[in-house]
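Here is the structure we will look at, set down as structure tokens.
Protein chains: 2
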Amino acid sequence: MAAARHRTLDFLLGGPARGEAVLAALRPVFQERGMAESLHIWPDHGCLATYVSAHGSFANVRIYPHGLVSLDLQSYEGEGEGDAQAQEGDDSLLDQVEARMKDLNRDGPGKVKRLPPLVRGGAVDRYWPTADGRLVEYDIDAVVYDEDSPYQNIKILHSKQYGNILILSGDVNLAESDWVYTHAIMGSGKEDYAGKDVLILGGGDGGILCEIVKLKPKMATMVEIDQMVIDGCRKYMRKTCGDVLDSLTGDCYQVLVEDCIPVLKRYAEEGRAFDYVINDLTAVPISTSPEQESTWEFLRLILDLSMRVLKQDGKYFTQGNCVNLTEALSLYEQQLGCLYCPVEFSKEVVCVPSYLELWVFYTVWKKAQP
Amino acid sequence: MAAARHRTLDFLLGGPARGEAVLAALRPVFQERGMAESLHIWPDHGCLATYVSAHGSFANVRIYPHGLVSLDLQSYEGEGEGDAQAQEGDDSLLDQVEARMKDLNRDGPGKVKRLPPLVRGGAVDRYWPTADGRLVEYDIDAVVYDEDSPYQNIKILHSKQYGNILILSGDVNLAESDWVYTHAIMGSGKEDYAGKDVLILGGGDGGILCEIVKLKPKMATMVEIDQMVIDGCRKYMRKTCGDVLDSLTGDCYQVLVEDCIPVLKRYAEEGRAFDYVINDLTAVPISTSPEQESTWEFLRLILDLSMRVLKQDGKYFTQGNCVNLTEALSLYEQQLGCLYCPVEFSKEVVCVPSYLELWVFYTVWKKAQP
Numbered sequence: 001m002a003a004a005r006h007r008t009l010d011f012l013l014g015g016p017a018r019g020e021a022v023l024a025a026l027r028p029v030f031q032e033r034g035m036a037e038s039l040h041i042w043p044d045h046g047c048l049a050t051y052v053s054a055h056g057s058f059a060n061v062r063i064y065p066h067g068l069v070s071l072d073l074q075s076y077e078g079e080g081e082g083d084a085q086a087q088e089g090d091d092s093l094l095d096q097v098e099a100r101m102k103d104l105n106r107d108g109p110g111k112v113k114r115l116p117p118l119v120r121g122g123a124v125d126r127y128w129p130t131a132d133g134r135l136v137e138y139d140i141d142a143v144v145y146d147e148d149s150p151y152q153n154i155k156i157l158h159s160k161q162y163g164n165i166l167i168l169s170g171d172v173n174l175a176e177s178d179w180v181y182t183h184a185i186m187g188s189g190k191e192d193y194a195g196k197d198v199l200i201l202g203g204g205d206g207g208i209l210c211e212i213v214k215l216k217p218k219m220a221t222m223v224e225i226d227q228m229v230i231d232g233c234r235k236y237m238r239k240t241c242g243d244v245l246d247s248l249t250g251d252c253y254q255v256l257v258e259d260c261i262p263v264l265k266r267y268a269e270e271g272r273a274f275d276y277v278i279n280d281l282t283a284v285p286i287s288t289s290p291e292q293e294s295t296w297e298f299l300r301l302i303l304d305l306s307m308r309v310l311k312q313d314g315k316y317f318t319q320g321n322c323v324n325l326t327e328a329l330s331l332y333e334q335q336l337g338c339l340y341c342p343v344e345f346s347k348e349v350v351c352v353p354s355y356l357e358l359w360v361f362y363t364v365w366k367k368a369q370p
Numbered sequence: 001m002a003a004a005r006h007r008t009l010d011f012l013l014g015g016p017a018r019g020e021a022v023l024a025a026l027r028p029v030f031q032e033r034g035m036a037e038s039l040h041i042w043p044d045h046g047c048l049a050t051y052v053s054a055h056g057s058f059a060n061v062r063i064y065p066h067g068l069v070s071l072d073l074q075s076y077e078g079e080g081e082g083d084a085q086a087q088e089g090d091d092s093l094l095d096q097v098e099a100r101m102k103d104l105n106r107d108g109p110g111k112v113k114r115l116p117p118l119v120r121g122g123a124v125d126r127y128w129p130t131a132d133g134r135l136v137e138y139d140i141d142a143v144v145y146d147e148d149s150p151y152q153n154i155k156i157l158h159s160k161q162y163g164n165i166l167i168l169s170g171d172v173n174l175a176e177s178d179w180v181y182t183h184a185i186m187g188s189g190k191e192d193y194a195g196k197d198v199l200i201l202g203g204g205d206g207g208i209l210c211e212i213v214k215l216k217p218k219m220a221t222m223v224e225i226d227q228m229v230i231d232g233c234r235k236y237m238r239k240t241c242g243d244v245l246d247s248l249t250g251d252c253y254q255v256l257v258e259d260c261i262p263v264l265k266r267y268a269e270e271g272r273a274f275d276y277v278i279n280d281l282t283a284v285p286i287s288t289s290p291e292q293e294s295t296w297e298f299l300r301l302i303l304d305l306s307m308r309v310l311k312q313d314g315k316y317f318t319q320g321n322c323v324n325l326t327e328a329l330s331l332y333e334q335q336l337g338c339l340y341c342p343v344e345f346s347k348e349v350v351c352v353p354s355y356l357e358l359w360v361f362y363t364v365w366k367k368a369q370p
């Protein structure tokens, strides 16, 4: 894949860095490759040497006086034979720098760290940070679908190990490997859906609907706002949705392509009552900042309306967020105390394969009437 | 945590980059901060602008003529109040660059990518690449144990979501969250260990031994070469090993702190026969290069000796490797055809929480005698 490859190599020396000695040791590695040096020396902050090659590669050696030496090497590489050679050349440059630094520091307690190269500006984006803000690289090798709907950007990317992954506006939603997500948001196998009335909010990937239909409900109604999510998943997430999205109605299910708020309001007015409401709309908002207040209000509204259409002995299932986002999850749990009726809840922590972080799921039910 | 923070921001413009226009738009962002520019222009490869601040930060703007603009900003930050301000300052620099690039490219199909900052040279290392070579950041917040034994480097690091993680010579071995690993390498709950003779090769974290002892075997023998792994895990991986490592012998188990090869040879000579052999020594070697031949030979030797001490109707369990490493796994499966007796095998793919990749486990058994 044509892209800039950014290699890094760091040395923590375990003692002060002698800038001149480090540069004297490393300079020949760059000179051998015809890379020209520019040097900046700070009075109190060490130095920065920049090296440029004739072919457009460049490197930085940053020497921090307390004992960190960081190397960055960035090269643009395509897919040709010369590019494979260039990649090998870059790896060997790092090998040489590493060897010389180890040699220079052979009696010290130094640590070396070399990360897999960052791939920058390629046609396939492999970096989809976790909900708790960590940098993670996926094994994505192809863009299967990439469209903007009126509501969001919809990507379906192919991962070697997880199958196709649905990514909505940059958030990893679900991969074909993630049956455990669907299982968890349906109550982890502890519920009997046969003959029941089920309402699914969102869920455009069809995973929940597909599993529930197998369990012979009386009627499962799914309300998904975005036709393009349904269309993309019908075509490219078939391990998740099976054939359930091939038609918007079936023996025991219907899909309404609508905003769920007016639907919920209508159902509440009509006095409809469901055995199960499954909210697959969105994770708990990460931010607790005032700007996110509207998101929290939306979330409370959905929760409140959902409780209004839920039978007294019904259950409401939803995802929370990454288990590390304790503040956001607490705030969510506080919201549960502010609904029109008193509720109780339980939570479960689940490992969803493609998420690369542990995820919290909630079960909410109406408190028994005295 | 005091460390260099390396921020990146990339723009894929969707068309050729006009270097002068990009620089003219971005230059004021750096000038406002008193960062001095050095410029390198290639005849055919675009340009590189380097900016240095008085406080030791530096930035690179690399403009590739086909339409990639990459920004790198590296600053050393501690934990003081001024450092928090400096972090905000760096974030706002990226915000401004992003805004100006979007403005410059407002009619184009451009894409912008901003990753979580790389933390370089900190006391706590959060980057432990997957077996298939991807860059992943863990939520590690403390070094619990870090020692070199005669055999390997042993680290136990604390992850907020996974609990303590055992890392041997840079490889993530097991976290306290990873009961599913232990479950899988014991046959995924399908075996009856009661009254059985079990041999565990490696397994110094005590996870397998702890689970097997609960199932009342006749005798479980664990052979682990590294006393320091046992000591570290006894102290810091108690969610994994319980109290089973508090003593090296118990009612129905013993731990031999020895190299397993001579032990296996001795058992084979003595005609010992186990119901289960569980090999928790090492993953399948990733590399299939000739330099790794000795690792493969070691692996074949272990396999062969294990089969010699396995009852005719016994089972051998082991981990394979990341499901993506298809070549290495195939080579491993070929080895299974080269043992002293014919064997059959099955495999299972499991999601081990802290691995951040799907993992293959093998069950091997002797072919029924005709």
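Those protein sequence lines, which keep their order, are chains A and B. So for the first sequence, UniProt numbering puts the first residue at 1; every next one is plus one. So for the second sequence, UniProt numbering puts the first residue at 1; every next one is plus one. Where is the CB? At the ideal position from N, CA and C, for every residue including glycine.
Burial state of residue i, where buried means 16 or more other Cβ atoms lie within 10 Å
i                : result
alanine 283/A    : buried
asparagine 153/A : exposed
alanine 184/B    : buried
tyrosine 340/B   : exposed
residue 380/A    : With chain A covering 1 to 370 only, the question about residue 380/A has no answer from this structure.
lysine 270/B     : Correcting the residue type first, residue 270/B is glutamate in the shown sequence and not lysine. Exposed is the call here.
leucine 39/B     : exposed
threonine 50/B   : buried
aspartate 246/B  : exposed
alanine 301/B    : For the sequence presented, residue 301/B should be read as leucine rather than alanine. So leucine 301/B ends up on the exposed side.
valine 143/A     : exposed
leucine 77/A     : Per the sequence shown, the amino acid found at residue 77/A is glutamate instead of leucine. Classification for glutamate 77/A: buried.
Cβ distance (whole Å) where residue i is taken to contact residue j below 8 Å
i                   : j              : result
phenylalanine 274/A : valine 198/A   : 6 Å
valine 350/A        : valine 112/A   : Rounded, the Cβ-Cβ distance is 37 Å, inconsistent with contact.
glycine 163/A       : cysteine 210/A : So it is not a contact: roughly 15 Å between Cβ atoms.
aspartate 205/B     : leucine 256/B  : Actually they do not touch by this definition, with Cβ atoms about 16 Å apart.
leucine 73/B        : aspartate 95/B : Leucine 73/B to aspartate 95/B, Cβ: 12 Å. No contact.
alanine 54/A        : glycine 34/A   : 6 Å
Same chain, Cβ closer than 7 Å to residue i, neighbours up to 5 away in sequence not counted
i               : result
aspartate 146/B : Lys155
aspartate 141/A : Val124, His158, Lys160
valine 172/B    : Trp128, Ile165, Ser354, Tyr355
Neighbouring residues, chain B, relative to residue i (Cβ below 8 Å)
i                   : result
leucine 115/A       : Leu118, Tyr127, Pro129, Leu135
phenylalanine 361/A : The premise fails here: phenylalanine 361/A is roughly 15 Å from chain B at the closest Cβ pair, so nothing lies under 8 Å.
Listed by chain order, chain A residues near residue i by CB distance under 9 Å
i             : result
alanine 4/B   : Asp10, Arg62, Tyr64, Leu68, Ser70
leucine 339/B : In chain order: nothing, as chain A lies at least about 29 Å away.
Beta-carbon proximity list for residue i, same chain, < 6 Å, skipping 5 on both sides
i                : result
methionine 101/B : Phe11
valine 277/A     : Leu199, Ser306, Leu310, Tyr316
alanine 59/A     : Tyr51, Leu73
leucine 71/B     : Leu9, Val61, Val97
leucine 336/A    : Val343, Phe345
Continuous beta strand (DSSP E) stretch holding residue i: start and end
i                : result
methionine 222/B : 219-223
glycine 89/A     : Where glycine 89/A is concerned, there is no enclosing beta strand (DSSP E), although the alpha helix (DSSP H) it sits in stretches over 81-104.
lysine 111/B     : 111-114
tyrosine 145/B   : 140-148
leucine 299/A    : Run containing leucine 299/A: none in the beta strand (DSSP E); it sits in the alpha helix (DSSP H), 293-308.
histidine 158/A  : 153-159
histidine 40/A   : 36-41
threonine 363/B  : 358-366
Close beta carbons around residue i, own chain, < 8 Å, minus the five adjacent residues each side
i                  : result
histidine 66/A     : Pro16, Ala17
threonine 363/B    : Gly187, Lys315, Tyr316, Phe317, Phe345, Ser346, Lys347, Glu348
aspartate 148/B    : Ile154
cysteine 252/B     : Val213, Lys216, Pro217, Lys218, Met219, Ala220
arginine 126/B     : Val119, Glu137, Tyr138, Asp139, Ile140
phenylalanine 79/A : Checking the sequence, you will find glutamate at residue 79/A rather than phenylalanine. Met1, Ala2, listed in sequence order.
Within chain A, the residues that residue i reaches when beta carbons sit closer than 7 Å
i                : result
tryptophan 179/B : Those do not exist, as tryptophan 179/B stays about 11 Å from chain A at its closest Cβ, beyond 7 Å.
tyrosine 76/B    : Tyr64
Terminal residues of the alpha helix (DSSP H) in which residue i lies
i              : result
alanine 25/A   : 19-31
cysteine 338/B : From DSSP, cysteine 338/B is part of no alpha helix (DSSP H); its letter is neither H nor E.
glycine 232/B  : 227-236
Chain-ordered chain B contacts of residue i [CB-CB under 7 Å]
i             : result
lysine 139/A  : Residue 139/A is actually aspartate in this sequence, not lysine. Near aspartate 139/A (Cβ distances below 7 Å), the residues of chain B are Asp132, Arg134, Asn324.
proline 353/A : Cys351, Leu358
Check: residue i C-beta below 8 Å from any heavy atom of the ligand SAH
i             : result
leucine 336/A : Because no ligand of any kind appears in the structure shown, any question about the ligand SAH cannot be addressed here.
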